[in-house]
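Enquirer: Under the numbering used here, the first residue of the sequence shown carries the number 893, and numbering increases by one thereafter. A virtual CB, placed ideally from N, CA and C, is assigned to each residue, including glycine.
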Amino acid sequence: MTVVREALLKLSRSGAMKSTITRAPLTRDVVNRYVAGETTDDVLRITRTLADANLSITIDRLGEDTTKVEQAAETTRAYLELLRLLDDAGLADIAEVSIKLSAVGQFLGRDGERIATEHARSICEAAGAVGTTVTIDMEDHTTTDSTLSVVRALRADFPWLGTVLQAYLHRSEADCRDLAYQGSRIRLCKGAYAEPESVAYAEPAEIDKAYVRCLRILMAGDGYPMVATHDPRLVEIALTLADRQHRSKDSFELQMLYGIRPAEQARLAALGRRMRVYVPYGTDWYGYLVRRLAEKPANLRFFARSLVSR
Ligand code: FAD
893 MTVVREALLK
903 LSRSGAMKST
913 ITRAPLTRDV
923 VNRYVAGETT
933 DDVLRITRTL
943 ADANLSITID
953 RLGEDTTKVE
963 QAAETTRAYL
973 ELLRLLDDAG
983 LADIAEVSIK
993 LSAVGQFLGR
1003 DGERIATEHA
1013 RSICEAAGAV
1023 GTTVTIDMED
1033 HTTTDSTLSV
1043 VRALRADFPW
1053 LGTVLQAYLH
1063 RSEADCRDLA
1073 YQGSRIRLCK
1083 GAYAEPESVA
1093 YAEPAEIDKA
1103 YVRCLRILMA
1113 GDGYPMVATH
1123 DPRLVEIALT
1133 LADRQHRSKD
1143 SFELQMLYGI
1153 RPAEQARLAA
1163 LGRRMRVYVP
1173 YGTDWYGYLV
1183 RRLAEKPANL
1193 RFFARSLVSR
């Protein structure tokens, strides 16, 4: 990992930087590139546009690392309201939701996991009632065991509940093997957090190789792989592996983030590929934005200018 990227990822969790960056004048342009807006009206409008372009959607209400019980409850209520609005708008068959357990209470002390499980359960109930699904995002490696254990518990009642595995973690090949069973929806991504070398690959080439090893396991398994990457080489490899396993077009999907390679999203959808766009919205965009900036060195110059011009 480059020094700059590592420093940025550390900043993604700094409260002081959060307030500086949130108020920086040029930040708004960068935010608009990656975030669908601050309100549910904004995200519903973007969801409709993407659905009209033959894309599927997963919506993330931004927020993470919640340390207040009331905030976790408020995030949960916002998801319930969003699901109701998706249903009213006739979009629940094409749009699901993604949630971060840390946004719904995972870090609330000793009871955190229980609180997050209950909140995620009520979101799953609401999603099931309107005929859509939920995917639980994966955060830094200290949360992986807890997140997988919450997912395991909830899958007893919601077998369609999806989750994420991060190829950069050494453990993920084994997790892919455990989770490549019938009906299991697994989103495979490279991983977006600053992780120590004791648990994660740091070199891009090593991460890519690990991604391919995980892909092989998921594509050969009985689950439903969700290939979340903008990396053209990995998308090609995923399509080749799917062909080799005689997978039908609806037995796996490709996923990309809102604002990143939109032309490629449209191209793949036009070829009949299932392409789902991860669409974040809300006011708490700081951590998400800084992770996106860290992924693309060219973004850093723009970002630095926005800070200097304060
Ligand atoms: P990269 O090698 O980073 O990028 C490949 C190419 O994509 C780049 O050359 C560039 O052209 C383009 N690109 C990538 N990022 C950007 C950017 N920010 N701005 C502009 N262009 C860019 N990570 C987690 O840790 N947990 C999650 O739960 C999680 N969920 C995700 C869900 C989805 C649908 C996706 C697509 C990603 C998710 N991620 C998650 C992020 C992921 O781990 C990577 O950090 C991110 O996708 C960048 O990796 P990449 O595979 O696109 O490859």
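1) Looking only at its chain, what residues have a beta carbon closer than 6 Å to the beta carbon of Gly-1004, apart from the 5 residues adjacent to it on each side?
2) Among Arg-1077, Leu-1126, Gln-963, Arg-1125, which has the Cα closest to the Cα of Ser-990?
3) Is Thr-939 near the ligand FAD, with its Cβ less than 8 Å from a heavy atom?
4) Sort Ala-1018, Leu-1110, Ala-1008 by Cα distance to Ala-984 and report the nearest one.
5) Ala-1066 and Cys-1106 look like a contact to me (Cβ under 8 Å); what is the Cβ gap, rounded to whole Å?
6) Work out the CA separation of Thr-1055 and Leu-1040 for me, nearest whole Å.
7) With 16 as the cutoff for other CB atoms within 10 Å, does Arg-1168 come out buried or exposed?
8) Please report the distance separating the alpha-carbon of Val-1042 from that of Asp-1176.
9) Check for me: the alpha helix (DSSP H) holding Arg-1063 runs from which residue to which?
10) If I measure Cβ to Cβ from Met-1111 and keep anything under 8 Å in the same chain, skipping five residues before and after, which residues do I get?
11) Mark Leu-901 as exposed unless 16 or more other C-beta atoms lie within 10 angstroms of its C-beta, in which case mark it buried.
12) Going by C-alpha to C-alpha distance, which of Gly-1115, Ser-1038, Thr-967 sits closest to Arg-1002?
13) Which full runs of the alpha helix (DSSP H) of 4+ residues lie inside the stretch 1108-1177, going along the chain?
14) Which of the three DSSP states is assigned to Ser-904 in this structure?
15) Excluding the 5 residues preceding and the 5 following Arg-1069 in the sequence, name in chain order all residues of the same chain whose CB lies nearer than 7 Å to its CB.
16) Please indicate yes or no: does the CB of Ile-1152 lie closer than 8 Å to some heavy atom of the ligand FAD?
17) Does the structure place the stretch 937-948 close enough to the stretch 1176-1187 that three or more beta carbon pairs sit under 8 Å?
18) Ignore the nearest five residues each way along the sequence and tell me which others in Lys-960's own chain have a CB closer than 6 Å to its CB.
19) Could you compute how far the alpha carbon of Ser-1014 sits from the alpha carbon of Gly-955?
20) What do you reckon, are the CB atoms on Leu-1126 and Glu-1087 nearer than 9 Å?
21) From Thr-1027 to Asp-933, what distance separates their C-alpha atoms?
22) Indicate the three-state DSSP secondary structure (helix, strand or coil) for Asp-1032 in the structure shown.
23) Taking all protein chains shown into account, do 16 or more other C-beta atoms lie within 10 angstroms of the C-beta of Arg-1006, making it buried, or fewer, making it exposed?
24) Could you pull the DSSP bridge partners for Gln-1058 from this structure?
25) Can Met-1167 be considered in contact with the ligand FAD, in the sense that its beta carbon sits closer than 8 Å to one or more heavy atoms?
Expert: Reading from the atomic positions:
1) For Gly-1004, where only same-chain residues beyond five positions count, the Cβ hits under 6 Å are Gly-997, Gln-998.
2) Of the candidates Arg-1077, Leu-1126, Gln-963, Arg-1125, Arg-1077 places its Cα closest to the Cα of Ser-990.
3) No, the beta carbon of Thr-939 sits no closer than 8 Å to any heavy atom of the ligand FAD.
4) Answer by Cα proximity: Ala-1018.
5) Under the criterion of beta carbons closer than 8 Å, Ala-1066 and Cys-1106 do not qualify as touching, at roughly 10 Å.
6) Each residue's Cα considered, the two are about 8 Å apart.
7) In summary, Arg-1168 is buried, with 16 or more beta-carbon neighbours lying within 10 Å of its beta-carbon over all protein chains present.
8) The C-alpha of Asp-1176 is placed about 24 Å away from the C-alpha of Val-1042.
9) No alpha helix (DSSP H) contains Arg-1063, which DSSP labels as neither H nor E.
10) Scanning its chain for C-beta atoms nearer than 8 Å, with the 5 sequence neighbours on each side dropped, one finds around Met-1111 the residues Pro-1117, Ala-1130, Leu-1133, Ala-1134, Arg-1136, Gln-1137, Arg-1139, Phe-1144, in chain order.
11) Burial check for Leu-901: the Cβ neighbour count within 10 Å reaches 16 or more, so the residue is buried.
12) Ranking Gly-1115, Ser-1038, Thr-967 by CA distance to the CA of Arg-1002 puts Ser-1038 first.
13) Taken in chain order, the complete alpha helix (DSSP H) segments of 4 residues or longer contained in the stretch 1108-1177 are 1124-1136, 1154-1162.
14) In the three-state scheme derived from DSSP, where H, G and I count as helix and E and B as strand, Ser-904 is classed as coil.
15) Non-local C-beta neighbours of Arg-1069 in its own chain, meaning closer than 7 Å and more than five positions away in sequence, comprise Ile-1109, ordered along the chain.
16) Ile-1152 Cβ: within cutoff of the ligand FAD.
17) Using a C-beta cut-off of 8 Å, the stretch 1176-1187 makes no contact with the stretch 937-948, since fewer than three inter-stretch Cβ pairs fall below that distance.
18) So no residue of the chain qualifies.
19) If you take the alpha carbons of Ser-1014 and Gly-955, they lie about 18 Å apart.
20) No, they are not a contact pair.
21) One alpha carbon belongs to Thr-1027, the other to Asp-933, and they sit about 22 Å apart.
22) If DSSP states are grouped into helix, strand and coil, Asp-1032 belongs with coil.
23) Per the 10 Å Cβ criterion, exposed.
24) Partner(s): Cys-1081.
25) Within 8 Å of the C-beta of Met-1167 there is not a single heavy atom belonging to the ligand FAD.
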